[in-house]
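Visitor: If you scroll down you'll find the structure; I have some questions about it.
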Amino acid sequence: AQSVTQLDSQVPVFEEAPVELRCNYSSSVSVYLFWYVQYPNQGLQLLLKYLSGSTLVKGINGFEAEFNKSQTSFHLRKPSVHISDTAEYFCAVSRMDSSYKLIFGSGTRLLVRP
Amino acid sequence: NAGVTQTPKFQVLKTGQSMTLQCAQDMNHNSMYWYRQDPGMGLRLIYYSASEGTTDKGEVPNGYNVSRLNKREFSLRLESAAPSQTSVYFCASSEIRGPADTQYFGPGTRLTVL
């Protein structure tokens, strides 16, 4: 079975500061990795995903994530955050075999302060 | 394109009442999903439909039924609502049922069962 751990339930940060949101996963088979963002009162939208190739993945809005297979991590980073980045961020995994299913972490609320 | 739409946005039910949550997508996607989101638990899959005419149980199907009315529409029914079903419900769709595919989410329905 797969599981996803987002250790930080909330991350407060000042505007223009860098931020890292942590994600660790557990799986007995190879997985694909995703980060979704949920802005207030909206549905989720894809930020980025890792399927194969380069371990550094760039997404929308200046976010990037690095896949580390040995540490089973997929941390999300942004060098300089804006107020508009305030949202909840979900890490998710899916098995590379025939299963369709996305397994989500519990989410990290990013709170950007002026 | 409206993407994925859900109705209603909010609903309050009394224990034992029934209701149907509606979902439609205009992206010609084959697969559709219903999730529930509870605080601190991320999203959990209730039911999915890999293609028109098929439905399957997800992680937490008890107390729910679904109908894939056509390629565009996928409804979720609560036959006898219980307070444990108080949650935010999200519908999603993807082009195919595959582990690498991006899922597109609706804005959600906030349901309270008294």
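Top line first, the protein sequences correspond to chains A and B.
Reading the first sequence from the start, the letters are residues 250 to 363 in this note's numbering.
Reading the second sequence from the start, the letters are residues 724 to 837 in this note's numbering.
A virtual CB, placed ideally from N, CA and C, is assigned to each residue, including glycine.
1) Which residues, taken in chain order from the segment 764 to 793 of chain B, show a beta carbon closer than 9 Å to some beta carbon of chain A?
2) Say whether chain A places a C-beta atom closer than 7 Å to the C-beta of B/Thr832.
3) Exposed or buried, what is B/Thr738 when buried is set at 16 or more other beta-carbons lying within 10 Å of its beta-carbon?
4) By the three-class DSSP mapping on this structure, what secondary structure does A/Gln320 have?
5) Is the shortest distance between the beta-carbon of B/Pro822 and the beta-carbons of chain A less than 7 Å?
6) Which residues mark the beginning and the end of the beta strand (DSSP E) in which B/Tyr770 is found?
7) Taking C-beta pairs closer than 7 Å, name the residues in chain A that B/Gly829 reaches, listed in chain order.
8) Quick one: Cα of A/Ser343 to Cα of A/Val262, how far?
9) Examine chain A for any beta-carbon lying closer than 7 Å to the beta-carbon of B/Phe813, and answer yes or no.
10) For B/Thr730, which beta-bridge partners are listed by DSSP?
11) So, is B/Ser816 buried or exposed, given that buried needs 16 or more other C-beta atoms within 10 angstroms?
12) Residues of chain A with a CB under 7 Å from the CB of B/Gln826: which are they?
13) How many angstroms separate the CA atom of B/Tyr770 from the CA atom of B/Ala805?
14) In angstroms, rounded to a whole number, what distance separates the CA positions of B/Met742 and B/Val789?
15) Given B/Asp779, which residues of its chain have a CB within under 8 Å of its CB, disregarding the five upstream and five downstream residues?
16) Does DSSP put A/Asp257 in a helix, a strand or coil?
17) Whole angstroms is fine: what's the gap from A/Arg326's alpha carbon to A/Glu313's?
18) Hey, A/Leu293 and B/Phe828: beta-carbon distance below 7 Å or not?
Guide: Checking against the coordinates, here is how it stands:
1) Met764, Gly765, Leu766, Arg767, Leu768, Tyr771, Ala773, Gly781 and Glu782
2) Counting from one through the second sequence, the residue named residue 832 of chain B turns up at place 109. B/Thr832 does not count as touching chain A.
3) The residue given as residue 738 of chain B occupies position 15 in the second sequence. Result: exposed.
4) Working through the first sequence from its first residue, we reach residue 320 of chain A at position 71. The answer is coil: DSSP assigns A/Gln320 none of H, G, I, E or B.
5) As a first step, residue 822 of chain B is located in the second sequence; it is residue number 99 there, counting from the start. By this cut-off, B/Pro822 is an interface position.
6) Counting from one through the second sequence, the residue named residue 770 of chain B turns up at place 47. Leu766 to Ser772 is the extent of the beta strand (DSSP E) around B/Tyr770.
7) Translated into the one-based positions of the second sequence, residue 829 of chain B becomes position 106. Here the neighbours are Gly292.
8) In the first sequence, counting from the first residue as 1, residue 343 of chain A sits at position 94. In the first sequence, counting from the first residue as 1, residue 262 of chain A sits at position 13. Whole-angstrom Cα-Cα distance: 30 Å.
9) Within the second sequence, the letter at position 90 stands for residue 813 of chain B. Yes, B/Phe813 counts as interfacial toward chain A.
10) Taking the second sequence and counting its residues from 1, one reaches residue 730 of chain B at position 7. B/Gln745, per the DSSP bridge assignment.
11) As a working mapping, residue 816 of chain B is identified with position 93 in the second sequence. It counts as buried.
12) Walking along the second sequence from the start, residue 826 of chain B turns up at place 103. The contacting residues are Leu351.
13) Along the second sequence, read from residue 1 onward, the residue named residue 770 of chain B stands at position 47. Along the second sequence, read from residue 1 onward, the residue named residue 805 of chain B stands at position 82. Whole-angstrom Cα-Cα distance: 18 Å.
14) Counted from its first residue, the second sequence places residue 742 of chain B at position 19. Counted from its first residue, the second sequence places residue 789 of chain B at position 66. Cα to Cα, the separation comes out at about 12 Å.
15) Walking along the second sequence from the start, residue 779 of chain B turns up at place 56. Closer than 8 Å at Cβ, skipping near neighbours: Tyr770, Tyr771, Ser772 and Ala773.
16) On the first sequence, residue 257 of chain A is found 8 positions in, with the first residue counted as 1. Of the three classes helix, strand and coil, the one that applies to A/Asp257 here is coil, per DSSP.
17) Taking the first sequence and counting its residues from 1, one reaches residue 326 of chain A at position 77. Taking the first sequence and counting its residues from 1, one reaches residue 313 of chain A at position 64. Straight-line Cα distance between these residues: approximately 5 Å.
18) Mapped onto the first sequence, residue 293 of chain A falls at position 44. Mapped onto the second sequence, residue 828 of chain B falls at position 105. Contact flag set, yes.
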